[in-house]
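2 protein chains.
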Amino acid sequence: MKDLARDLGMSVATVARAFHPEATVAAATRAAVLSRAEVLGYRSNPLARAIITRRTRIVGILLAEMDNPFYPEALARLTAALQEAGFNAMLVVASPGQPVEAALRLLLSYQPEIAVSLATSLGSEAAAACRAAGTPVLFLNRHPEDLAPDAMAIVCDNHRGGARVADHLIEAGARRPAFMAGQADTSTNAERFAGFRDRCIKRGLPPPRHIHAGTFTYKAGHAAALSCLRGAERPDALFCCNDILAAGVLDAARRDLGLRVPEDLLIAGFDDIALAAWPSYDLSTLRQPLGRIVALAVEQIEHSARGGTLAGGIIRIPGEFIPRGSTARPRGDPAPEQEQTS
Amino acid sequence: MKDLARDLGMSVATVARAFHPEATVAAATRAAVLSRAEVLGYRSNPLARAIITRRTRIVGILLAEMDNPFYPEALARLTAALQEAGFNAMLVVASPGQPVEAALRLLLSYQPEIAVSLATSLGSEAAAACRAAGTPVLFLNRHPEDLAPDAMAIVCDNHRGGARVADHLIEAGARRPAFMAGQADTSTNAERFAGFRDRCIKRGLPPPRHIHAGTFTYKAGHAAALSCLRGAERPDALFCCNDILAAGVLDAARRDLGLRVPEDLLIAGFDDIALAAWPSYDLSTLRQPLGRIVALAVEQIEHSARGGTLAGGIIRIPGEFIPRGSTARPRGDPAPEQEQTS
DNA sequence: TTGAAAGCGCTAACAT
DNA sequence: ATGTTAGCGCTTTCAA
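If you read the protein sequences in the order shown, they are chains A and B. Under my numbering, the residue at position 244 of the first sequence is numbered 233, and the numbers go up by one with no gaps. Under my numbering, the residue at position 251 of the second sequence is numbered 240, and the numbers go up by one with no gaps.
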């Protein structure tokens, strides 16, 4: 910048101003600076700026569960949207062997404008570290039970989604629906189940069985299906808490247990990951409004970066049910609403 | 830091030295500084340091094709390994609507120690931008045809891998094997095909047909399979350039064309993504040595960050063939090597 | 072994 | 509208 200023016969201050749209510089001066900068290949140094302004244009993304395809999809879209808004994404991944906490410390020292938590539960120590660093936290998709008053969460309306799935399964003929849970202590799990259960009961069915897979993985879904779908008392419909779980269930049902889907068992998922649309799964699912979630998130990040404060609380965005073959009503039965009276 | 120094009655210089293992400070002084820093929650600011040392501890990761599960897996492992080594990963994603070029400019202004290209082809303008910024580039998994002399690539030994798949398919009874290509202009595609073809010819088979799917996606594999597996002249074995392609092929073959795998058609893939081990796919594949690739990459990044120069050129690491049901030899036929003479 | 001082690339009053 | 000056948090000579 000094060089550029010398080259142009101006002071560094003037040159600096040319790079700030809101600064007060003569249009001609700005044009001259910018064009010369272009020629010399000069780009202002965001690190130096960050030291003074404390605005890094860095967004820290905390991610776990890379093995659930929903998260790579969400990450790709979020990162792309951030790029477009002129933010840089710093990625931290948590895994069994790598707790977020350590990496989070490193991340926070770069003074991200905000931390976005995708799937990480972000323990209280981690949350405290963010608070101490003055970094606001935005939760996407999941939120902790004890959401700090100044933290914000943007999630799918899981309760409503669960209810919507219940409606669909019941209309497709389900009489003994069950719910398959992934990781028990997650908000997604609790909310989707609650919505599903409430609606089942409201429509006159017994409370759906709660099957515990343990994690949101194909393997867990597969294993849980093997143990819960044997015997005569098996459910006739299964709402899996997410699609990757449902994929495991579907394979177990068809290949290992010889069940026909949807004739013997209706299966629905949640998320609408790419695989749900593959012909071999053809999975009915509640599609997450990823586009809207990401757009809203970036909006909030920009607001926060401008110095605004995050509205605390949880924003719930409704998803859309996508009916597919895994719950197609067999033999064109009419929806048997009348049976609710029994 | 100034505060810390005042608190301790030392100069900032001494305090600064305490944070550099190689700096010359009295052991007692260092201990005092570090323990007090811990108490006060002080962490040195990497941004300020970066301005002077030009060492940011930032690694820029350029990524495309988030829809091929191989890349999320690779990204997760790379990021985790970088974290452990004290680096921070800055992620830039390319997509049809979002060319890397724009985001790369933003990224480079943060002075990453190195740029890691995962799947991005990184056009010549982009490569030039890196060169201009003095940022070395490390290619993972794929490398450009015209690899710059100072650029390095770490990839699976695709040629050898292709040959290994050929061996396996031939031993499983293949007589008219074919190759399904994804994106034509990629090194992975070219090398895997070359290895496969050479070995087929060497073992007395006609040159394998080259089927062009166009992209490395499930959908492309599915569509290409539908058009190439009809009719009597169809291949009896298909080596798909990667697993996600193979998944599409498998589904098309079984569900749409009524073919039995492996009885009517042998199918092999490449990568060994999670899905390949699912019972519904049970896909034989060449497993990429991701652990070794990542380890070597981090090693090189550390070397480069220490001021060392990257050894230019391509490092090829052999993969491991994982036989599964999609190529299990039907009816226990002995491998008919003798037919090679015909 | 430590301190003083200069400076990294930039911003932000304050003057002019 | 532009220049001057001080300083962000840190490193790094150079002297002591």
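A virtual CB, placed ideally from N, CA and C, is assigned to each residue, including glycine. Computed from a prediction, not measured in an experiment: that's the story for all the values here.
Report task. With Gly302 of chain B as the anchor, note down where its beta strand (DSSP E) starts and where it stops. Result -> Start and end: 302 to 306.
**Report entry** Span separating the alpha-carbon of Pro197 of chain A from that of Val48 of chain A
**Finding:** 41 Å
Query - Rounded C-alpha distance that separates Asp261 of chain B from His148 of chain B - result: 17 Å
Query - Residue-chain proximity (Ala324 of chain B, chain A), Cβ-Cβ < 7 Å - result: Its pLDDT being 46, under 50, Ala324 of chain B is placed unreliably in this model, and the value from its coordinates should be taken loosely. False, the Cβ-Cβ gap to chain A never drops below 7 Å.
**Report entry** Bridge partners - Asn77 of chain A, DSSP secondary structure assignment
**Finding:** A:Ile47
**Report entry** Any 3 or more C-beta pairs closer than 8 Å across the segment 76 to 93 of chain A and the segment 124 to 142 of chain B
**Finding:** no
Requested in this report: Please list, in chain order, all residues of the same chain as Pro323 of chain B whose beta carbon is under 8 Å from its beta carbon, the five residues on each side excluded.
Outcome: With a pLDDT of 49 at Pro323 of chain B, under the threshold of 50, the modelled position of that residue is not reliable, and no figure is offered here.
Report task. Go ahead and pull the three-state DSSP assignment for Ile40 of chain B. Result -> Ile40 of chain B: helix per DSSP, three-state reduction.
Query raised in the report: How close, in whole Å, do the beta carbons of Ala39 of chain A and Gln100 of chain A come, if the pair is a contact with beta carbons under 8 Å?
Result: At roughly 7 Å, the Cβ-Cβ gap stays under 8 Å, so Ala39 of chain A and Gln100 of chain A are in contact.
Report task. Would you list, in chain order, the members of the segment 31 to 45 of chain A that have their beta-carbon closer than 8 Å to a beta-carbon of chain B? Result -> The segment 31 to 45 of chain A vs chain B, Cβ under 8 Å: Arg32, Ser33, Asn34, Pro35, Leu36, Ala37, Ala39, Ile40, Thr45.
Query raised in the report: Between the segment 89 to 104 of chain A and the segment 112 to 126 of chain A, are three or more C-beta pairs nearer than 8 Å?
Result: yes
Report task. Please compile the residues from chain B whose C-beta is within a distance smaller than 8 Å of the C-beta of Ser98 of chain A. Result -> Those are Arg32, Ser33, Asn34, Pro35, listed as they occur along chain B.
Query raised in the report: Whose Cβ in chain B lies nearer than 7 Å to the Cβ of Asn77 of chain A?
Result: In chain order, Met79, Leu95, Leu96, Tyr99 make up the part of chain B whose C-beta sits under 7 Å from the C-beta of Asn77 of chain A.
Report task. Confirm, please, whether the CB-CB distance from Gln277 of chain B to Cys145 of chain B is below 7 Å. Result -> yes
Requested in this report: Would you verify that the beta carbon of Asp261 of chain B is, or is not, closer than 7 Å to some beta carbon of chain A?
Outcome: no
**Report entry** Cβ shell of Arg165 of chain B (< 6 Å), same chain only, five flanking positions each side left out
**Finding:** Correct list, in chain order: Pro224, Asp225.
Report task. Within the segment 127 to 196 of chain A, note down every full beta strand (DSSP E) run reaching 3 residues or more, in order along the chain. Result -> 141 to 145, 166 to 170
Query raised in the report: Who are the Cβ neighbours of Arg32 of chain A in its own chain at under 8 Å, not counting the five residues just before and after it?
Result: Ala26
Query - Ala15 of chain A, enclosing beta strand (DSSP E) - first and last residue - result: Taken as a continuous stretch (DSSP letters only), Ala15 of chain A belongs to no beta strand (DSSP E), as it is neither H nor E.
Requested in this report: Return the residues of the segment 246 to 276 of chain B that lie within a Cβ-Cβ distance of less than 7 Å from chain A, sorted by chain order.
Outcome: Within the segment 246 to 276 of chain B, contact with chain A at the beta-carbon level (separation under 7 Å) is assigned to Ala263, Trp267, Pro268, Ser269.
Report task. Please confirm if the segment 68 to 76 of chain B is in contact with the segment 288 to 295 of chain B, defined as three or more CB-CB distances below 8 Å between the two stretches. Result -> Counting Cβ pairs under 8 Å, three or more are found: they touch.
Query raised in the report: When the Cα atoms are used, what is the spatial distance from Thr177 of chain A to Glu134 of chain A?
Result: 11 Å
Report task. Take Ala21 of chain A and list the residues in its own chain whose beta-carbon comes closer than 6 Å to its own, dropping the five residues that flank it on each side. Result -> none
Query raised in the report: Would a check of beta-carbon distances place Gln87 of chain B closer than 7 Å to chain A?
Result: Yes, Gln87 of chain B lies at the interface with chain A (some Cβ there is under 7 Å from its Cβ).
Query - Neighbour list for Arg305 of chain A in chain B, Cβ cutoff strictly below 9 Å - result: Ordered by position in chain B, no residue passes the 9 Å Cβ test against Arg305 of chain A, which lies about 26 Å from the chain.
Requested in this report: In angstroms with no decimal places, state the Cα-to-Cα distance between Ala286 of chain B and Ser106 of chain A.
Outcome: 27 Å
Requested in this report: May I have the straight-line CA-CA distance separating Glu102 of chain B from Ile50 of chain B, to the nearest angstrom?
Outcome: 11 Å
Query - Any C-beta of chain B under 7 Å from that of Pro61 of chain A - result: Interface annotation, Pro61 of chain A: in contact with chain B, CB-CB separation under 7 Å.
**Report entry** Nonlocal neighbours in the same chain, by C-beta distance under 7 Å from Ala300 of chain A, ignoring five residues either side
**Finding:** Met141
Query raised in the report: Where do the N-terminal and C-terminal ends of the beta strand (DSSP E) with Val105 of chain B fall, by residue?
Result: Counting along the chain, the beta strand (DSSP E) containing Val105 of chain B begins and ends at 103 to 107.
Query raised in the report: Using 8 Å as the threshold, is the segment 219 to 238 of chain B in touch with the segment 249 to 261 of chain A, meaning 3 or more CB pairs across them?
Result: no
Query raised in the report: Would you say Asp(-8) of chain B faces chain A, with C-beta separation under 7 Å as the test?
Result: no
Query raised in the report: Can you find a CB in chain A that lies within less than 7 Å of the CB of Ala317 of chain B?
Result: no
Requested in this report: Put Gln87 of chain B into one of helix, strand or coil per three-state DSSP.
Outcome: Here Gln87 of chain B carries a strand assignment [DSSP, helix/strand/coil].
**Report entry** Any C-beta of chain B under 7 Å from that of Val22 of chain A
**Finding:** no
Requested in this report: Work out the CA separation of Gly296 of chain B and Ile306 of chain B for me, nearest whole Å.
Outcome: 25 Å
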